[in-house]
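To start, the structure itself, in structure tokens.
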Amino acid sequence: MIVFHAGFHFGGTLTTVLMILLIIVVASGICGAALQHYMPRMMTREIPMETVFEQIDHVRAQLVGEADAIVEKACGPMALENAAFANVVGGNLLSASNTPAPLIPLRDFYARQMRPFLVHEHLRDKPLGTREKAVGVFERLRTLLPETAHEPTRGLEAICEEERQLRRQTRMHHILHGWLMLHVPLSLALLLLGCIHAFMALHY
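In the working numbering, the protein residues as written are 6 to 209.
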């Protein structure tokens with residue numbers, strides 16, 4: 006109807022801007038409707054551990070606490086305030102010296118790789134950031150540990166998987182709602198300029 010109304014021409018500056026805004030608003034609206042229709046089902050299918058978005062930070066903090074408890078139970082108390090940054094003094098992590106020798110690989114892996122991965126959300130391109138690479142990392146770790154330590158490593162592996170799913174949920178949530186950042190302001194601009202256009206058409 007608008008194309009017929011414009012006589013198949015964009016016209017002056019105002020009508021050209023209006024037409025461009027209209028095209029963008031309609032296109033973004035269609036894309037947003039598609040996202041709203043398909044992405045929730047995709048999230049349900051691909052993120053079985055999905056949680057309430059507003060609770061993600063709280064859940065991530067709980068995961069760090071659970072992982073700390075697993076490692077401390079297996080290896081003894083650690084200086085975890087330093088482990089998050091993998092500080093090294095004389096080639097050894099700042100952690101308890103009473104860790105049994107067979108469990109040192111677990112302690113060092115947690116302090117150098119896993120805890121920084123859990124604490125710093127921006128660390129995505131690390132080996133633990135993808136499930137395929139993480140499986141290999143944990144398999145290699147288990148070959149260095151006694152069989153009694155395999156159960157704690159499986160617990161840590163499950164925590165890493167939940168952390169990856171939380172990160173994926175966060176990204177998908179931003180995509181699901183991010184289109185509104187474009188659609189809403191442009192819709193308001195279209196409405197405002199449309200009113201101005203109607204006033205000018207009636208006035209002149």
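By construction, the Cβ of each residue, glycine as well, lies at the ideal position given by its N, Cα and C atoms.
Option nearest P110 by Cα separation, candidates F122, T135, E144, K138: As a position in the sequence shown, residue 110 is number 105, starting the count at 1. Measuring from the Cα of P110, the nearest candidate turns out to be E144.
Cα-Cα separation between P121 and T153, rounded to whole angstroms: As a working note, residue 121 is residue 116 in the sequence shown. As a working note, residue 153 is residue 148 in the sequence shown. When rounded, the distance between both Cα atoms is 25 Å.
DSSP three-state assignment for P53, whether helix, strand or coil: Against the sequence shown, residue 53 aligns to sequence position 48. Residue state, collapsed to three classes: coil.
Residue from E51, A38, R112 whose Cα sits closest to the Cα of D73: For the purposes of this step, residue 73 is taken as residue 68 along the sequence shown, with counting starting at 1. Minimum Cα distance to D73 is reached at R112.
Rounded separation between P32 and T135 - CA only: The count along the sequence shown starts at 1 and reaches residue 32 at position 27. The count along the sequence shown starts at 1 and reaches residue 135 at position 130. Pro is not the amino acid found at residue 32; the sequence shown has Ala there. Rounded to the nearest angstrom, the two C-alpha atoms are 33 Å apart.
Beta-carbon proximity list for Y115, same chain, < 6 Å, skipping 5 on both sides: Translated into positions along the sequence shown, residue 115 becomes position 110. Here the set comprises V76.
Within 9 Å, strictly: CB atoms of L191 and V8: Position 186 of the sequence shown, counted from the start, is the residue given in the question as residue 191. Position 3 of the sequence shown, counted from the start, is the residue given in the question as residue 8. Result no, Cβ atoms of L191 and V8 do not sit closer than 9 Å.
L193 to G37 span [Cα, whole Å]: As a working note, residue 193 is residue 188 in the sequence shown. As a working note, residue 37 is residue 32 in the sequence shown. The alpha-carbon atoms of L193 and G37 are separated by roughly 16 Å.
Coil, strand or helix - R133 by DSSP: Mapped onto the sequence shown, residue 133 falls at position 128. Here the sequence assigns Leu to residue 133, which means Arg is not the residue at that position. Correct three-state label for L133: helix.
Reduced DSSP category for G12 - H, G, I as helix; E, B as strand; rest coil: Within the sequence shown, numbered from 1, the residue matching residue 12 stands at position 7. Coil.
CA-to-CA distance, E166 to T56, given in whole angstroms: As a first step, residue 56 must be located in the sequence shown, where it is residue number 51. As a first step, residue 166 must be located in the sequence shown, where it is residue number 161. Each residue's CA atom was taken as its position, placing T56 and E166 some 14 Å apart.
Continuous alpha helix (DSSP H) stretch holding T158: start and end: Here residue 158 refers to the residue found at position 153 when the sequence shown is read from its first residue. Where T158 is concerned, the enclosing alpha helix (DSSP H) stretches over 155-183.
CB contact flag (R172, T158, <9 Å): On the sequence shown, position 167 is the one that residue 172 refers to. On the sequence shown, position 153 is the one that residue 158 refers to. No, the pair does not count as a contact, with Cβ atoms beyond the cut-off.
Outcome for E86 when other beta-carbon atoms lying within 10 angstroms are tallied against a minimum of 16: Position 81 of the sequence shown holds residue 86. Bear in mind that the predicted position of E86 carries a pLDDT of just 48, short of 50, making it unreliable; the figure below should be weighed with that in mind. When all chains shown are included, E86 counts as exposed.
F4 to T175 span [Cα, whole Å]: An answer regarding residue 4 cannot be provided, because it is not within the stretch 6 to 209 covered by the chain.
Best match in L123, A79, E51, V142 for proximity to I61 [C-alpha to C-alpha]: For the purposes of this step, residue 61 is taken as residue 56 along the sequence shown, with counting starting at 1. Nearest C-alpha to I61: L123.
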